[in-house]
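*Asks:*
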Amino acid sequence: MTNLLLVLSKDPYTTEIPDLVLDIGLNAKEKGNDVSIYLIEDGVTAARKSEFGNKLAETQKKGMKIFADDKAVLSRSLTNKIIGGVEIKEIGTLLDYIMEYDKVVWF
Amino acid sequence: MTGKLLTIVSINGPYRDEGVFTMMRLAHAAKEKGIKVNFFNYLDATLIAHRDQVPKEFPPIETIFGTIVKKGMKHPKADAIACIKCTDARGVTKQQTEGVIIGGLYDLGEWTAESDKTILIG
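Chains as they are written, first to last, in my numbering: chain A, 1 to 107; chain B, 1001 to 1122.
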């Protein structure tokens, strides 16, 4: 089993990349891997209470952890507008995860 | 974490999105944690270290990046490489800020082999 960290930096309304990240994450999870998604930059908008936010919430129910960058959330005034269960983290934590996870892919 | 080595490959130019600033934030966090960092600027990211940038509405990224490189993440003035094919194509080979070395993908291969982790920000 591999620990996989998917870092998402793109918003869900411009490209299909966030959908791709969810697909990859869910497939990896189904194959028995540990998967986490870390939202950064415009990627934090994926966790807004919205249609895509609901998709993200579904992945949480399947055991995927969702993290979000504190500054990206704050600078977009999203603090009280994101789905439950998303853990807000600072950049040092992302760095720790980058060094600790088996595989890290940046989108 | 102290003593670990991270190589960050960047492919996007400055002022388009937050990618370069994320790279800088990671570099500062790495410094605090004692993690060494290599920067490999590839494709449009070779514009990050272009000298004499004067953006009107953004902080000058060359100054921020150059300061980090000059202070040294691993070996002062020797831990940032700009890809020569990319700099030549963009006409910026001779305009790289102090501390950025002109290199190539073979260097990236060596850094990847040496590093505990290599990530691509793009």
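From the three backbone atoms N, C-alpha and C, an ideal C-beta is built for every residue, glycine too.
Predicted model, so just to flag it, every value in this text is computed and none were measured.
Beta-carbon separation of B/Ile1119 and B/Gly1103 under 8 Å?
*Replies:* Going by beta carbons, B/Ile1119 and B/Gly1103 fall outside the 8 Å limit.
*Asks:* Please list, in chain order, all residues of the same chain as A/Ser36 whose beta carbon is under 6 Å from its beta carbon, the five residues on each side excluded.
*Replies:* Closer than 6 Å at Cβ, skipping near neighbours: Leu5 and Lys65.
*Asks:* Look up A/Gln132 in the DSSP assignment and say whether it is helix, strand or coil.
*Replies:* A query on residue 132 of chain A cannot be resolved here, the shown segment of chain A reaching from 1 to 107 and no further.
*Asks:* Ignore the nearest five residues each way along the sequence and tell me which others in A/Ala72's own chain have a CB closer than 6 Å to its CB.
*Replies:* Ile40, Glu41 and Val44
*Asks:* Would you list, in chain order, the members of the stretch 1004–1015 of chain B that have their beta-carbon closer than 7 Å to a beta-carbon of chain A?
*Replies:* Cβ contacts with chain A come from Lys1004 and Leu1006.
*Asks:* Can you name the residues of chain A whose CB is closer than 9 Å to the CB of B/Lys1033?
*Replies:* Gly92, Leu95, Asp96 and Met99
*Asks:* Between B/Ile1102 and chain A, is the shortest Cβ-Cβ distance under 8 Å, so that the two count as touching?
*Replies:* no
*Asks:* Who are the neighbours of A/Glu87 on chain B, taking C-beta pairs under 7 Å?
*Replies:* None at all; the shortest Cβ gap to chain B is about 17 Å.
*Asks:* Which residues, taken in chain order from the stretch 11–43 of chain A, show a beta carbon closer than 8 Å to some beta carbon of chain B?
*Replies:* Ile40, Glu41 and Asp42
*Asks:* In this structure, what does DSSP give as the bridge partners for A/Ser36?
*Replies:* A/Leu5 and A/Lys65
*Asks:* Kindly indicate the opening and closing residues of the alpha helix (DSSP H) around B/Thr1093.
*Replies:* Here B/Thr1093 belongs to no alpha helix (DSSP H), and DSSP marks it neither H nor E.
*Asks:* Look at B/Gly1066 and B/Thr1087 and say whether their C-beta atoms are less than 8 Å apart.
*Replies:* Using a Cβ distance threshold of 8 Å, B/Gly1066 and B/Thr1087 do not count as a contacting pair.
*Asks:* For B/Ile1035, which of B/Tyr1106, B/Gln1053 and B/Ile1008 has the nearest alpha-carbon?
*Replies:* B/Ile1008
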